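Beneath this line is the structure, given in structure tokens, with notes to follow.
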Amino acid sequence: MSNLSLRQLVKRYGAVSVVKNVSLEIAEGEFVSLLGPSGCGKTTILRMVAGLVEPSDGAITIGGRDITRLPPNKRNVGLVFQSYALFPHMTVFENVAFGLRRKGESGDALAARVNEALSMVRLDGYGERYPRQLSGGQQQRVAMARAIAPRPSVLLFDEPLSNLDAKLRDEMQIELKRLQRELRITTLFVTHDQAEALSLSDRVCVMHDGVIQQFAAPEEIYHRPATAFVASFIGKPNRLAGTVKDGAVDLGDGLVLQSTGAAAFGEGTPVDIFIRQEAVTLSATAGDDGTSVAGTVVLRSFSGAQVQYVVRLGARFEVVVEVASAGEGANLAQGDEVFLTIRPQDIIVIESGAGA
Amino acid sequence: MTSLRTGFLLLSPLLFVLLAAFVVPLLLLVPTSFQEYRPGQGIATDAWTAQNYARIVADEFYREVVLRTIGLGAAVTLCCLVLGYPVAYLIVRGDPRWRLPLTLLVIFPLMLNLVVRSFGWIVLLTNRGVVNNLLIDLGLIERPLRLMFNLTGLMIGLTHIYLPFMVLMLVAALQNVPRDVEAAAATLGSSRLHVFRAVTLPLTAPGIIAGSILVFVLTISALVTPRMLGGPTYQVMATLIYDEYMQLLDWPSGSALSFALAISTILIIWISSRMTKRWAGLA
Chain A
1 MSNLSLRQLV
11 KRYGAVSVVK
21 NVSLEIAEGE
31 FVSLLGPSGC
41 GKTTILRMVA
51 GLVEPSDGAI
61 TIGGRDITRL
71 PPNKRNVGLV
81 FQSYALFPHM
91 TVFENVAFGL
101 RRKGESGDAL
111 AARVNEALSM
121 VRLDGYGERY
131 PRQLSGGQQQ
141 RVAMARAIAP
151 RPSVLLFDEP
161 LSNLDAKLRD
171 EMQIELKRLQ
181 RELRITTLFV
191 THDQAEALSL
201 SDRVCVMHDG
211 VIQQFAAPEE
221 IYHRPATAFV
231 ASFIGKPNRL
241 AGTVKDGAVD
251 LGDGLVLQST
261 GAAAFGEGTP
271 VDIFIRQEAV
281 TLSATAGDDG
291 TSVAGTVVLR
301 SFSGAQVQYV
311 VRLGARFEVV
321 VEVASAGEGA
331 NLAQGDEVFL
341 TIRPQDIIVI
351 ESGAGA
Chain Z
357 MTSLRTGFLL
367 LSPLLFVLLA
377 AFVVPLLLLV
387 PTSFQEYRPG
397 QGIATDAWTA
407 QNYARIVADE
417 FYREVVLRTI
427 GLGAAVTLCC
437 LVLGYPVAYL
447 IVRGDPRWRL
457 PLTLLVIFPL
467 MLNLVVRSFG
477 WIVLLTNRGV
487 VNNLLIDLGL
497 IERPLRLMFN
507 LTGLMIGLTH
517 IYLPFMVLML
527 VAALQNVPRD
537 VEAAAATLGS
547 SRLHVFRAVT
557 LPLTAPGIIA
567 GSILVFVLTI
577 SALVTPRMLG
587 GPTYQVMATL
597 IYDEYMQLLD
607 WPSGSALSFA
617 LAISTILIIW
627 ISSRMTKRWA
637 GLA
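In order, the protein sequences belong to chains A and Z.
Counting from 1, one number per residue, gives the positions in the first sequence under the working numbering.
Counting from 357, one number per residue, gives the positions in the second sequence under the working numbering.
Below, the structure written as structure tokens:
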């Protein structure tokens with residue numbers, strides 16, 4: 001039983017609150033990401049769980065045991081740093097053996113467990129090298145092996161992939177997910193990269209300004225954002241302002257968008273709507289169900305698998321639309337008249353002034 | 357990236373000064389050290405001899421001075437290290453508000469003239485000095501302690517004078533230790549003491565080596581302080597060499613002693629830095 005629980009966690013530096021009353025329950029073996037822009041308090045939470053930062057208020061328990069005031073060496077957590085933080089004066093073997101030795105392992109049992117951890121991260125045979133002789137990706141693997149070798153009850157990751165280049169990052173993401181699924185260790189993963197958080201996690205906790213915005217499964221976060229902040233932070237949404245009218249959203253200038261979400265608000269409520277770039281289809285003719293609006297292509301940009309358009313709607317709005325470069329609407333030119341079709345359930349409606 | 361030629365041009369003024377004022381005179385002393393000094397006649401240029409070098413090892417007086425100098429160097433270095441490390445640690449890891457005042461406190465002695473500082477120690481350490489008078493007045497001792505003209509006096513004076521160099525070197529080294537690496541050791545089950553022993557100390561090895569070499573070299577070549585606190589009888593290499601040259605006019609012997617000191621210093625530094633590097637896993 002190693003579920004991690006944070007209760008009304010607060011961290012203040014002087015008069016500034018960095019973490020404001022955060023409560024979080026993470027089930028055993030669950031992979032949870034803390035996602036948010038820099039300065040939202042996610043790393044501070046992670047460091048409080050590790051024992052490197054002392055909470056101003058609140059409690060942290062692992063498997064029912066209160067660890068709030070324990071020093072880091074008594075917590076049995078594994079922490080993987082953004083900077084890797086390997087011991088530069090020790091070999092890879094000694095790095096991985098460090099935590100095991102602290103637990104009293106030695107001799108053949110120690111060697112067996114170090115080699116097991118190294119082979120989990122596919123670094124068999126690298127034991128005798130020094131960290132400086134390894135590439136960034138390999139160093140990150142050593143850092144992971146070092147963290148998992150002592151079998152911690154909770155694994156903590158502090159933006160572990162952000163120092164790697166894009167291709168390596170994708171590879172490491174897959175490895176990390178595989179590793180966590182194999183070991184079933186409760187994991188808290190801090191990142192500002194939403195794709196990383198969505199693809200890796202069982203649940204994602206979106207944070208802003210020290211407060212939890214939404215804590216839910218990745219699909220839920222993506223399709224049904226709870227606050228305007230989550231809606232604007234996740235995906236690449238277009239944000240438009242309008243008012244609710246007859247169960248649809250009136251943007252003014254005769255532009256009306258059908259939206260299933262609009263029914264929840266009273267007539268005349270000012271709302272913000274969020275339209276994901278990839279939720280829009282472009283066509284030469286209007287659809288017959290009244291979900292299409294007319295626009296003009298202002299800019300086209302080709303980026304391989306996708307084509308992006310900037311489309312002007314009416315006099316006041318411009319939206320960015322992304323379509324597959326092999327699909328319909330991929331070959332429009334600047335100045336073309338197009339119809340934008342958005343399914344009513346893909347328009348996220350949030351009352352104006354609610355959240356960011 | 358500057359080219360080799362530009363680099364050489366930038367270096368050339370310093371190279372010229374070093375060559376003319378240091379390397380050439382030093383090389384001129386090499387033949388001198390193999391010549392014989394005849395009292396009343398001067399340096400004999402007709403014969404070559406290794407006697408000046410042989411005497412350093414064979415003569416009991418010379419041997420004692422050599423061993424004393426090296427021992428003093430090692431002891432002062434160790435004292436500076438033991439006293440300086442906690443200070444450096446406090447400067448780097450303590451409250452940032454104290455960083456500047458503490459650093460100023462450490463380098464403040466360097467702003468005073470060396471002779472003044474050594475005189476200060478004489479005032480404190482002589483038979484009727486501040487320390488002895490205080491201890492006698494307190495009834496702790498009956499007769500004054502011998503704190504000068506011996507190893508104690510030199511140790512106290514030299515440690516005080518060279519401590520700032522060690523602290524500054526260690527501060528630079530400690531600033532280079534990433535906090536994350538220490539934090540990683542802590543999360544892996546290291547107590548604070550073990551983090552220090554297994555991570556912080558080895559990672560500051562370059563600073564320990566640099567500071568130790570600096571203090572060691574400065575100590576064994578110190579002239580003013582040993583002369584003032586050691587008096588005319590308690591000799592170290594530097595005072596001995598000075599006497600050979602200036603009092604006895606025995607340039608060959610002084611030169612031989614100088615080279616012996618320089619060569620043994622280089623050897624000791626080389627061996628000890630290799631040992632430290634191996635211990636810190638840097639080799």
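No residue lacks a Cβ here, since even glycine has one placed at the ideal position from N, Cα and C.
Source: prediction; values computed, not measured.
Quick check on the DSSP output: the alpha helix (DSSP H) that includes Z/Pro608 runs from which residue to which? Trp607 to Trp635
Would the beta-carbon of Z/Thr388 fall within 7 angstroms of that of Z/Pro588? no
Between A/Val320, A/Gln213 and A/Phe81, which has its C-alpha nearest Z/Ala534's C-alpha? For the sequence presented, residue 534 of chain Z should be read as Pro rather than Ala. Measuring from the Cα of Z/Pro534, the nearest candidate turns out to be A/Phe81.
Do you know offhand how far Z/Leu503's Cα is from Z/Thr482's? 7 angstroms
Put A/Tyr126 into one of helix, strand or coil per three-state DSSP. The DSSP-derived three-state label of A/Tyr126 is coil.
Does DSSP put A/Gly355 in a helix, in a strand, or in coil? A caution first: A/Gly355 carries a pLDDT of 48, below 50, which makes its placement in the model unreliable, though a value can still be read off. Coil, per DSSP.
Between which two residues does the beta strand (DSSP E) carrying A/His192 extend? Premise fails: A/His192 is in no beta strand (DSSP E) and is neither H nor E.
Please give the ranges of any alpha helix (DSSP H) in the region 370-406 of chain Z, keeping only runs that are unbroken, at least 4 residues long and fully inside the region. 380-389
Which residues of chain D have a Cβ atom closer than 8 angstroms to the Cβ of A/Val77, listed in chain order? Absent from the structure: chain D. Protein chains present are A and Z.
Expressed to the nearest angstrom, what Euclidean distance is found between the alpha-carbon atoms of A/Gln213 and A/Val249? Straight-line Cα distance between these residues: approximately 25 angstroms.
Which two residues bound the contiguous beta strand (DSSP E) that contains A/Cys205? Arg203 to His208
Neighbour list for Z/Asp646 in chain A, Cβ cutoff strictly below 7 angstroms: Since the first residue of chain Z shown is 357 and the last is 639, residue 646 of chain Z is not available in this structure.
Selection of the region 89-115 of chain A by Cβ proximity to chain Z, strictly under 7 angstroms: His89, Met90, Phe98, Gly99, Arg102 and Lys103
Report buried or exposed for Z/Met631, applying the criterion of at least 16 other Cβ atoms within 10 angstroms of its Cβ. exposed
Using three-state DSSP, classify A/Thr269 as helix, strand or coil. coil
Identify the contact partners of A/Asn73 in chain Z, using a Cβ-Cβ distance below 9 angstroms as the criterion. Ala541, Ala542, Thr543, Leu544, Gly545, Ser546, Ser547, Arg548, His550 and Val551
Whole angstroms are fine: how far does the CA of Z/Phe390 sit from the CA of Z/Tyr409? 8 angstroms
Please report the straight-line C-alpha distance between A/Arg178 and A/Met144, rounded to a whole angstrom. Computed Cα separation, rounded: 13 angstroms.
Residues of the region 556-572 of chain Z in Cβ contact with chain A at a cutoff of 9 angstroms, in chain order, please. Pro558, Leu559 and Ala561
Tell me, please, whether the region 183-203 of chain A touches the region 9-19 of chain A by the rule of three or more beta-carbon pairs shorter than 8 angstroms. No, they do not touch.
Assuming the contact rule is C-beta atoms closer than 8 angstroms, A/Gly247 and A/Leu155 should be a hit. Round their C-beta distance to whole Å, please. Rounded, the Cβ-Cβ distance is 47 angstroms, inconsistent with contact.
According to DSSP, A/Gly242 sits in a beta bridge with which residue or residues? Per DSSP, A/Val271.
So does the region 459-470 of chain Z actually touch the region 546-553 of chain Z, counting three or more Cβ pairs closer than 8 angstroms? no
Closer than 9 angstroms by beta-carbon distance: list the chain A residues that pair up with Z/Ala636, in chain order. His89
Counting only C-beta atoms, is A/Leu161 closer than 7 angstroms to chain Z at any point? no
At what residues does the beta strand (DSSP E) containing A/Asp158 begin and finish? Counting along the chain, A/Asp158 sits inside the beta strand (DSSP E) bounded by residues Val154 to Asp158.
Apply the 10 Å Cβ neighbour rule to Z/Asn489 and answer buried if 16 or more other Cβ atoms are within range, or exposed otherwise. exposed
Taking DSSP's pairing of strands, which residues face A/Lys11 in a bridge? A/Val19
What is the DSSP secondary structure of A/Glu337, counted as helix, strand or coil? strand
Counting only beta-carbon atoms, is A/Ala15 nearer than 7 angstroms to chain Z? no
How would you write the range of the alpha helix (DSSP H) that Z/Arg313 sits in, first residue to last? Here chain Z has residues from 357 to 639 only, and residue 313 of chain Z is not among them.
Buried or exposed (CB count within 10 angstroms, at least 16 for buried), A/Ala27: exposed
Chain Z contacts from the region 34-67 of chain A (Cβ-Cβ distance under 7 angstroms): Residues are counted here when their Cβ sits less than 7 angstroms from a Cβ of chain Z; for the region 34-67 of chain A these are Ala50 and Leu52, given in chain order.
Start and end of the alpha helix (DSSP H) containing A/Ser119? Counting along the chain, the unbroken alpha helix (DSSP H) around A/Ser119 starts and ends at Gly107 to Met120.
Would you mind listing the alpha helix (DSSP H) stretches within the region 513-541 of chain Z that are 4+ residues and don't spill past its ends, in chain order? none
Contacting residues, own chain, Cβ-Cβ under 8 angstroms from Z/Ile399 (five flanking each side not counted): Thr388, Gln391, Glu392, Tyr393, Trp607 and Pro608
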